[in-house]
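Scroll down for the structure; my scribbles are underneath it.
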Amino acid sequence: MKLWIAISSVNLGKRIKELRSKYKITQDKLSKKADIPFSTLAKIEAGYTPNPSMETLIKVADAFGIGVDELLGRK
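Its first residue numbered 3, the sequence shown is counted upward by one per residue in my numbering.
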């Protein structure tokens, strides 16, 4: 069973860019810290990945030291 989250890919990408700016981290550093391919992160930020996996969202949130809710702008 897959878990799908209804989120706007454009808003998620914008949110990740905002967080990277806040934490002063490059895409390259974030992708390494989150242990995801650079291309995956770039596609999410550009809005080309409409449904990133929950695993990817958790990894990105963990890399920022925040929860998935905050990553999605819900906190």
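Even glycine gets a Cβ: it sits at the ideal position worked out from N, Cα and C.
- For E47, the number of other beta carbons within 10 angstroms of its own is at least 16, and it is reported as buried.
- Here the segment 26-38 lies against the segment 57-70, with 3 or more beta-carbon pairs under 8 angstroms apart.
- Its chain contains I46 as the residues whose beta carbon lies nearer than 6 angstroms to that of P54, once the 5 sequence neighbours on both sides are disregarded; these appear in chain order.
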